[in-house]
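For the working numbering, count along the sequence shown from 1 and bump the result up by 3.
Ideal placement from N, C-alpha and C gives every residue a C-beta, glycine not left out.
None of these values were measured; they are calculated from a predicted model.
Structure record follows, encoded as structure tokens.
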Amino acid sequence: MSSENNFSGKVALVTGGGSGIGRAVCQVLARDGARVSVCDLNVKSAEETVESLKNPGDHIALCMDVSQKEQVHDGLRITQEKLKGTPTLLVNCAGIVRPAPFLEMTEERFMQVINVNLKGTFLVSQAVCKAMLERNEAKGGAVVNIASITGRTGLANNGQYAASKGGVMAFTKTCAKELAQTGIRVNCLMPGPIRTPLLAFPQEIIDEFVLKRNPLGRCGEPEEVAEMAAFLLSEKSSYFVGSCIEVTGGHDM
Ligand code: NAP
Numbered sequence: 004m005s006s007e008n009n010f011s012g013k014v015a016l017v018t019g020g021g022s023g024i025g026r027a028v029c030q031v032l033a034r035d036g037a038r039v040s041v042c043d044l045n046v047k048s049a050e051e052t053v054e055s056l057k058n059p060g061d062h063i064a065l066c067m068d069v070s071q072k073e074q075v076h077d078g079l080r081i082t083q084e085k086l087k088g089t090p091t092l093l094v095n096c097a098g099i100v101r102p103a104p105f106l107e108m109t110e111e112r113f114m115q116v117i118n119v120n121l122k123g124t125f126l127v128s129q130a131v132c133k134a135m136l137e138r139n140e141a142k143g144g145a146v147v148n149i150a151s152i153t154g155r156t157g158l159a160n161n162g163q164y165a166a167s168k169g170g171v172m173a174f175t176k177t178c179a180k181e182l183a184q185t186g187i188r189v190n191c192l193m194p195g196p197i198r199t200p201l202l203a204f205p206q207e208i209i210d211e212f213v214l215k216r217n218p219l220g221r222c223g224e225p226e227e228v229a230e231m232a233a234f235l236l237s238e239k240s241s242y243f244v245g246s247c248i249e250v251t252g253g254h255d256m
């Protein structure tokens with residue numbers, strides 16, 4: 004799959020860029036001309052992503068825990084300094100799962116997931132969108148949040164994960180309403196099962212709970228999500244505001 008987005012001259016910031024969907028997003032954005040700040044909790048995996056990008060010298064790898072406000076602000080400042088520009092393309096991809104039946108879920112486990120998936124999306128979005136506005140670069144700005152189909156359907160044994168993703172969808176629509184007049188468009192994707200380390204369950208679990216419920220009978224590839232994220236960041240999607248788009252292979256229609 005390929006597309007012809009024109010991101011040349013643009014700076015992109017991608018959280019969770021060291022693995023899976025985030026890495027594929029970085030690869031597509033770099034392929035289409037963006038300079039990418041690859042942010043991840045794990046800086047080594049972010050560095051590996053940078054090495055995999057077109058023109059690796061144009062991009063940077065940063066350690067950023069999206070749930071920590073100071074790290075988010077430091078990461079943004081370093082991005083602006085090193086890439087000589089403010090990110091006007093943002094993809095909030097960092098996310099974790101911590102399964103537990105809700106009757107046994109501890110408060111700590113509940114908040115761990117909310118802090119990364121939902122609060123992290125808030126902290127990074129606020130910092131980057133404020134920077135765009137302060138520098139008069141909001142026009143043409145775009146944010147894509149990676150939610151999940153489970154934000155609509157729920158997911159047994161992952162109540163806090165599904166709730167965090169439902170929260171990301173509502174947050175996306177709210178930001179979209181507040182920012183549309185500034186020129187920043189905010190949208191989100193609801194992937195179904197995608198073949199990444201996050202979905203590293205035993206094959207029998209994948210067969211039973213994923214493939215049997217999927218009309219295509221397969222997991223999606225990270226690139227199949229990344230191309231849609233790039234579309235939502237590009238001017239081709241100029242009339243998409245607050246959209247939550249399924250990328251599921253028909254899973255849980
Ligand atoms: P992944 O391969 O595990 O990638 C997630 C990345 O985020 C990892 O590099 C991870 O680092 C990083 N990360 C974790 N906590 C972080 C934090 N606090 N700050 C910054 N980075 C952090 O997972 P993925 O499947 O690509 O998931 C990407 C997004 O898609 C997530 O939001 C996920 O919920 C969503 N999604 C995935 C699927 C799926 O089936 N794969 C379906 C629907 C939605 P570590 O490896 O060090 O933890």
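Query raised in the report: For the candidate residues 149, 106, 114, whose alpha-carbon lies nearest to that of residue 249?
Result: Residue 249 has its Cα closest to that of 149, out of 149, 106, 114.
Requested in this report: May I ask whether a heavy atom of the ligand NAP can be found less than 6 Å away from the beta carbon of residue 205?
Outcome: Flag unset: Cβ of residue 205 not near the ligand NAP.
Query - Assigned exposure category for residue 163 - 16 Cβ within 10 Å defines buried - result: Within a 10 Å sphere around the beta-carbon of residue 163 sit 16 or more other beta-carbons, which makes this residue buried.
Query raised in the report: Identify the residues that DSSP records as bridge partners of residue 161: which are they?
Result: DSSP lists 103 as partners of residue 161.
Report task. Can you grab the Cα-Cα spacing for the pair residue 12 / residue 110, in whole Å? Result -> Between residue 12 and residue 110, the C-alpha separation is close to 44 Å.
Query - Residue burial classification, residue 26 (beta-carbon count within 10 angstroms, cutoff 16) - result: By the 16-neighbour rule on beta-carbons within 10 angstroms, residue 26 is buried.
Query raised in the report: Can you find a heavy atom of the ligand NAP that lies under 6 Å from the Cβ of residue 17?
Result: Taking 6 Å as the cut-off, the C-beta of residue 17 does not count as close to any heavy atom of the ligand NAP.
Report task. Enumerate in chain order the residues of its own chain whose CB-to-CB distance from residue 95 is below 6 Å, with the five nearest sequence positions on each side excluded. Result -> In chain order, 18, 124, 127, 148 place their CB closer than 6 Å to the CB of residue 95, counting only its own chain and leaving out the 5 sequence neighbours on each side.
Requested in this report: Within 10 angstroms of the Cβ of residue 197, are there 16 or more other Cβ atoms? Answer buried if so, exposed if not.
Outcome: Here residue 197 is buried: its Cβ has 16 or more other Cβ atoms, across all protein chains shown, within 10 Å.
Query raised in the report: What is the rounded straight-line gap between the Cα of residue 1 and the Cα of residue 255?
Result: Nothing in the structure corresponds to residue 1, since the chain is present only between 4 and 256.
Report task. Could you tell me the boundaries of the alpha helix (DSSP H) in which residue 194 lies? Result -> No alpha helix (DSSP H) contains residue 194, which is instead part of the beta strand (DSSP E) from 188 to 194.
Query raised in the report: How many angstroms separate the CA atom of residue 33 from the CA atom of residue 41?
Result: If you draw a straight line from the Cα of residue 33 to the Cα of residue 41, it comes to about 11 Å.
Query raised in the report: Is the beta carbon of residue 200 less than 7 Å from the beta carbon of residue 22?
Result: For residue 200 and residue 22, yes; Cβs fall inside 7 Å.
Query - residue 2 versus residue 106 - alpha carbon distance - result: Residue 2 lies beyond the stretch modelled for the chain, which goes from 4 to 256, so this question has no answer here.
Query raised in the report: Is it a yes or a no for the stretch 128 to 142 touching the stretch 40 to 60, going by three-plus beta-carbon pairs under 8 Å?
Result: No, because fewer than three Cβ pairs between the stretch 128 to 142 and the stretch 40 to 60 fall closer than 8 Å, the two stretches do not touch.
Report task. Out of 218, 222, 60, 238, state which residue places its alpha-carbon closest to the alpha-carbon of residue 253. Result -> Measuring from the Cα of residue 253, the nearest candidate turns out to be 218.
Query raised in the report: Which residue from 43, 16, 48 puts its Cα closest to that of residue 61?
Result: For residue 61, the closest C-alpha among the options 43, 16, 48 is that of 16.
Query - Same chain, Cβ closer than 6 Å to residue 176, neighbours up to 5 away in sequence not counted - result: If we look at residue 176 and ignore the five residues flanking it on each side, its Cβ neighbours are 245.
Query raised in the report: Does the distance from the CB of residue 43 to the CB of residue 20 come in under 7 Å?
Result: Contact flag set, yes.
Query raised in the report: From residue 82 to residue 73, what distance separates their C-alpha atoms?
Result: Spanning the two alpha carbons is a distance of roughly 14 Å.
Query raised in the report: Roughly how many angstroms lie between the CA atoms of residue 215 and residue 251, to the nearest whole one?
Result: In a straight line, the C-alpha of residue 215 is about 13 Å away from that of residue 251.
Query - Enclosing alpha helix (DSSP H) for residue 271 [first to last residue] - result: Because the chain in this structure spans residues 4 to 256, residue 271 falls outside the shown range and cannot be described.
Query raised in the report: Does the beta-carbon of residue 24 have 16 or more other beta-carbons within 10 angstroms, so that it is buried, or is it exposed?
Result: Per the 10 Å Cβ criterion, buried.
Query raised in the report: If we call anything under 7 Å between Cβ atoms a contact, is residue 120 one with residue 167?
Result: Yes; because the gap between Cβ atoms is below 7 Å, this pair is in contact.
**Report entry** Alpha-carbon spacing of residue 174 relative to residue 208, whole angstroms
**Finding:** Answer to the nearest angstrom: the Cα atoms are 31 Å apart.
Report task. Please confirm whether any heavy atom of the ligand NAP lies closer than 6 Å to the CB of residue 109. Result -> No, the ligand NAP has no heavy atom inside 6 Å of this Cβ.
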